[in-house]
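Each residue of the sequence shown is one higher than the one before, counting from 2 in our numbering.
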Amino acid sequence: MIVRNPSWPTDARPFRVFALPVLPAVYLVALRFERSDVGTAFAIGHVSHLLADIPPAALLTADGSALTFLFWPLLEPPAYESVDGISAGFMQYSMGWYEWAQLGLALGALIVWYRDGMPRVGYV
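See the structure below:
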């Protein structure tokens with residue numbers, strides 16, 4: 002069982018912001034091994050994941066205070082609500098339009114993958 006300190010962020014998202022200076026180093030190493038495609042893919046993946054961590058509410062309301070978790074430990078992380086367990090948290094959760102859109106996107110990707118013959122499933 003993993004026990005988390007409630008004063009810490011719940012995952013490693015903040016380290017993505019501080020890893021941005023590493024991108025040129027990764028790209029230079031990839032160039033050294035003549036694999037610039039890998040360096041480019043790493044940079045695109047890293048930056049796109051960082052952008053995906055921005056909560057939709059922050060974009061819709063232009064509320065920058067919702068982004069402080071990205072800059073922890075320099076900025077104080079937002080307060081997290083305490084939940085009495087996974088089942089209690091699940092019962093409090095409700096899906097809005099954004100969550101339904103994300104679920105539809107994931108299901109659509111799974112359908113395309115299945116209809117394409119489930120490539121790479123042999124490696125799993």
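For each residue, glycine too, the CB sits at the ideal point set by N, CA and C. Keep in mind the model is a prediction, meaning the values are calculated, not measured.
Status (buried if at least 16 other CB within 10 Å, exposed otherwise) for residue i
i: Phe34; result: exposed
i: Met2; result: Confidence at Met2 is low in this model, with a pLDDT of 36, below 50, so the placement of that residue is unreliable and no value is reported for it.
Same chain only: Cβ atoms within 7 Å of residue i, ignoring 5 sequence neighbours per side
i: Leu24; result: Ala44, His47
i: Trp9; result: Any reading at Trp9 is ruled out, since the residue's pLDDT is 42, under 50, leaving its predicted position unreliable.
Span separating the alpha-carbon of residue i from that of residue j
i: Leu52; j: Gly65; result: 14 Å
i: Asn6; j: Glu77; result: Bear in mind that the predicted position of Asn6 carries a pLDDT of just 40, short of 50, making it too unreliable to give a figure here.
i: Trp114; j: Leu104; result: 15 Å
i: Pro22; j: His50; result: 15 Å
i: Val122; j: Leu106; result: 20 Å
i: Thr62; j: Pro56; result: 10 Å
i: Ile87; j: Tyr94; result: 11 Å
i: Leu75; j: Trp101; result: 34 Å
Integer Cβ distance of residue i from residue j, believed to fall under 8 Å
i: Ala80; j: Leu68; result: Contact doesn't hold; Cβ gap of about 15 Å is too wide.
i: Ala26; j: Val39; result: Rounded, the Cβ-Cβ distance is 13 Å, inconsistent with contact.
Other residues of its chain near residue i: CB distance less than 8 Å, five sequence neighbours each side excluded
i: Ser37; result: Tyr28, Ala31
i: Ala42; result: none
Same chain only: Cβ atoms within 6 Å of residue i, ignoring 5 sequence neighbours per side
i: Tyr99; result: Pro57
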